[in-house]
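Novice: In my numbering, the protein residues as written are 4 to 1047.
Don't be surprised by glycine CBs; every beta carbon is placed ideally from N, CA and C.
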């Protein structure tokens, strides 16, 4: 789009947005109520922020012998002999003296800490001491006890009664219930992540029967989109991504885990089972495929494929990552702070940290290098098809490997042929070199078995000359054996990275001092194997042995090579034109030329042999038997063991002409099965190693120090339950999972409830979602948090029941409108006297545009997809470099949940709307409001395409004049009818754009071609382009991307 058309759009987008205001309600003034000081609410936050770093749980860093996080320690004399706290004697307490001191040497906190106390905080501390300096156990670590709930009015549930009781103490009244349109849109966005359609809104507004609201809730929670919406936050939390993260950030197979999460929410899987399957699905009795897919949770962390990485370094990183994940996801604890030392604020020691890490020491994985492909996870139809081909392949295998009495005669002949080949091979004798050297300067070593090993610098070309001072009488043939060796790349026998070589010519000559050199000619050659791959330019059509004695076959593309048989012995037999004997003083030189010139394709290990019997140089009719087969062939048939017989028959059947058809059938069935299996999804899962890795405490987190105490798996000491019945048994991940959802752990239920409260109310009951420790925040409604946590646990960890409790409460149904005074007093809605209003998440922004446009493809699950992305965005994504191909067809219009998650290059439109990178567990996202977001909505091809498709809908599905169509479009985008002023603003935009595009029809046509969606026939390009700009304005409105 050109600048002339963009400027009116930008101006009118702003006008339209300003036209969409809302009414607000006032709030009564709040009376201040005096209340006793409470340690958890008033004092612990002050001590944690200003004192605990030097006088808290980290005893190794404790200063002055003073510890303030425990009452019994705080009341003891410090090293100075003075008591910091004297209950009911604030004036006599050293703590107060230090807080109020004018002497910078005595003042606490010290000035260099840059954490001075405010006067009101100092007053609170004095008042607390004067009232007795009573401590409370940290709120999050106390057992969950369901609080008593006062009786309420009809239809008022436990949430509403607890909220009302607090509001009354604050002299506040709850906001009125929102109108039905707002409720329908709010519920739809909260429960499905999609805006309510006009049809759903109309049906809800028309439903006057009792329970209409509850029926709408149930209807939304029964849709498959509910599972997608609920899964989105969980995937942030567990750092789900399609790539490994570190270094190359290469892809890995993990998307079936995402689909497992969606199914779990849709099927209302109990949260305790959800927990066990993810942490220890592989350890469950008779673990199902579902549970094993769930265990992929343990593989979601960042990993590396960098070849030069230090294994111990990354082993430490993986342990740390997994412990932090458990701490964030289930415990709401910053347990990672204890990686280097005891936690400075919470009662978690470094020993606790590493004993938690020991739970994951049994995860079988490559610390460095490519991840395995993972477990097959076929659908039921795919599993049936795979079973069919597996059965057919097995049937043919059994038929092939079964007895074949009709082939006894052929088997006997086969054995005899190989014995004759073996006798032919035995006619060769390894010759003893007197010297050998490399013309290219490689090192040459003659070994005791008369073989020659080449080492030293790598060469693209070389010639190796081997000399012999004595030979048997009448040599008729020369053999070059190429031999594997552990010192060579891929075990050789060549020095190329794949173990290959190219021998371009073999030259033999007789040398005598003072006499002319006598050339020795060859008249034929045979090789045990000749390479046929990558031989298009070879004059023989393969890397043939014949070329080593063919004077016309020279150059880069001629010579003898052996792929794919590298790593195995091979041999070249050359027949002399005339028998050769050496006279006195003569020596034989054999030069092996390797002139390929690329990739170090030179010889690495070989041995020269001689033969005096012409039988030895007759090309064998069958391959020379390998060493294992030789031993079995030598055994008399009557003395063979069943195992030796079976192996001989196996070798015979692999080449028997009589079984050629059966081998072909079997190979075809195996290929069909393998090809089909290659199309099936796989996913990384957890498998248990028989030998867990050793886990030590790492001083200061330094993986280079291996002197720390060895730790066994254990629950952190602060939360440790009674010992299990089998106390001598090493605890495992299933024990950890069971404890996390046990009554002995007070954290998990509170943490989960708090996260869902934030999802539906905007802010958690405890605002700090991922830290229930001392640096977090006590809940504003502690009784409500515990009531919901108790309800959640006692319901059998029923997530849908918990969600339904929240969204059917009157507290949830309140209007989100408020006066400016009230917003200033309680901007985060901590008192719950209204509902919250916030910009929807990145995925919902995309999904809303796709749904309104009619493009959304609602298919559930499957591989991740790739929306349009700016060219060159992956330009610096290396090892290997890779391009980005946007998905086509329906995959381009999938929900944002399915977007390919490249950790180091998260999709830029997602980042603009605060999507998490998922390099770390993210319990919540930021909610920013920046200009780039409007630019994304105006210019990202996904949103331009959505706007043009929305415009096509307006023109094809609505009727009447412009005002009627604008009203129809407004209801599609915002689930409500527009005000007259809003229609007028959009009409002015429409007319302006019609005029602009009428002057430039070519720009109109080009504008409406954005994206890959099919172009509807019969639309006037000028009208379509103008309505597209109207659609862009609607999709860019603040209200469109706001949940209220």
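Under the three-state reduction of DSSP, which class applies to residue 1031: helix, strand or coil?
Specialist: Residue 1031 falls in the helix class under three-state DSSP.
Novice: Classify residue 236 as buried or exposed, calling it buried when 16 or more other Cβ atoms lie within 10 Å of its own Cβ.
Specialist: Buried: at least 16 other Cβ atoms inside 10 Å.
Novice: Starting from residue 608, trace the beta strand (DSSP E) in both directions and tell me its first and last residue.
Specialist: Looking at the DSSP string, the run of the beta strand (DSSP E) that includes residue 608 is 608 to 614.
Novice: Note down the Cα distance separating residue 441 from residue 599, rounded to an integer number of angstroms.
Specialist: Going from the Cα of residue 441 to the Cα of residue 599 covers about 16 Å.
Novice: Taking just the CA atoms, how far does residue 337 sit from residue 357?
Specialist: Straight-line Cα distance between these residues: approximately 14 Å.
Novice: Tell me the DSSP secondary structure of residue 110 in three-state form.
Specialist: Coil, per DSSP.
Novice: If the criterion is Cβ atoms closer than 8 Å, does the pair residue 192 and residue 847 meet it?
Specialist: The answer is yes: Cβ separation under 8 Å.
Novice: Sorted by chain position, which residues of the same chain lie with C-beta nearer than 8 Å to residue 933's C-beta, five sequence neighbours on each side aside?
Specialist: Within the same chain, residue 933 has close Cβ partners 915.
Novice: In three-state terms, what does DSSP make of residue 69?
Specialist: Coil.
Novice: Return yes when the Cβ of residue 795 is within less than 8 Å of the Cβ of residue 756, no when it is not.
Specialist: Their beta carbons are under 8 Å apart, which means residue 756 touches residue 795 by this criterion.
Novice: Suppose you measure from the CA of residue 521 to the CA of residue 468; what does that come to, to the nearest Å?
Specialist: If you take the alpha carbons of residue 521 and residue 468, they lie about 16 Å apart.
Novice: DSSP beta-bridge partners for residue 466?
Specialist: Answer by DSSP bridge pairing, in chain order: 596.
Novice: Could you give the residue range of the alpha helix (DSSP H) that holds residue 162?
Specialist: Element bounds for residue 162: 161 to 172.
Novice: Measuring CA to CA, which of 954, 386, 398 is closest to residue 1013?
Specialist: Selected option, being the one with the closest Cα: 954.
Novice: Label residue 791 either buried or exposed according to how many other C-beta atoms from any shown protein chain fall within 10 Å of its C-beta, with 16 as the threshold for buried.
Specialist: Result: buried.
Novice: In angstroms with no decimal places, state the Cα-to-Cα distance between residue 139 and residue 42.
Specialist: Taking the straight line from one Cα to the other gives about 6 Å.
Novice: Rounded to a whole number of angstroms, what is the C-alpha to C-alpha distance between residue 704 and residue 345?
Specialist: Going by the C-alpha atoms only, they are around 11 Å apart.
Novice: List the DSSP bridge partners of residue 456.
Specialist: Bridge partners of residue 456: 448, 608.
Novice: Taking buried to mean at least 16 other C-beta atoms within 10 Å of its own C-beta, is residue 277 buried or exposed?
Specialist: Its Cβ being crowded by 16 or more others within 10 Å, residue 277 is buried.
Novice: Who are the near neighbours of residue 1019 in its chain, counting only those whose CB is closer than 8 Å to its CB and skipping five residues on each side?
Specialist: Excluding positions up to five away in sequence, the list reads 955, 959.
Novice: Consult DSSP for residue 721 and reduce its assignment to one of helix, strand or coil.
Specialist: Three-state DSSP puts residue 721 in a helix.
Novice: Tell me the DSSP secondary structure of residue 1036 in three-state form.
Specialist: Reduced to three states, the DSSP call for residue 1036 is helix.
Novice: According to DSSP, which residues form a beta bridge with residue 563?
Specialist: Looking at the DSSP assignment, residue 563 forms a beta bridge with 506.
Novice: If you measure between the beta carbons of residue 903 and residue 930, is that distance less than 8 Å?
Specialist: Not closer than 8 Å, so no.
Novice: Verify whether the separation of the beta carbon atoms of residue 696 and residue 713 is less than 8 Å.
Specialist: For residue 696 and residue 713, no; Cβs fall outside 8 Å.
Novice: At what residue ranges does the stretch 227 to 277 contain a whole run of the alpha helix (DSSP H), taking only runs of 4 or more?
Specialist: Whole alpha helix (DSSP H) segments, 4+ residues: 227 to 240, 258 to 269.
Novice: How is the alpha helix (DSSP H) around residue 855 delimited, first residue to last?
Specialist: Note, residue 855: alpha helix (DSSP H), 845 to 856.
Novice: Judging by CA-CA distance, which residue of 947, 292, 225 is the nearest neighbour of residue 190?
Specialist: Cα-wise, what sits closest to residue 190 is 225.
Novice: Would residue 440 pass as an interface residue toward chain C - the criterion being a Cβ-Cβ separation below 8 Å?
Specialist: Among the chains in the structure shown there is no chain C, since it carries only a single protein chain.
Novice: In the DSSP assignment, find the beta strand (DSSP E) that holds residue 800 and state where it starts and stops.
Specialist: Per DSSP, residue 800 belongs to no beta strand (DSSP E) and is neither H nor E.
Novice: Which same chain residues end up closer than 7 Å to residue 675 when comparing Cβ atoms and leaving out the 5 residues on each side of it in sequence?
Specialist: Closer than 7 Å at Cβ, skipping near neighbours: 392.
Novice: DSSP beta-bridge partners for residue 713?
Specialist: In the DSSP output, where bridge partners are listed per residue, residue 713 has 699.
Novice: Go through its chain and collect everything with a Cβ distance to residue 478's Cβ below 8 Å, but skip five positions before and after it.
Specialist: 579, 582, 583, 584, 613, 614, 615.
Novice: Would you say the stretch 590 to 604 touches the stretch 409 to 419, given that touching needs at least three Cβ pairs under 8 Å?
Specialist: Verdict: no, contact absent.
Novice: Look up residue 990 in the DSSP assignment and say whether it is helix, strand or coil.
Specialist: Helix.
Novice: Less than 8 Å between the C-beta atoms of residue 96 and residue 132, yes or no?
Specialist: Closer than 8 Å, so yes.
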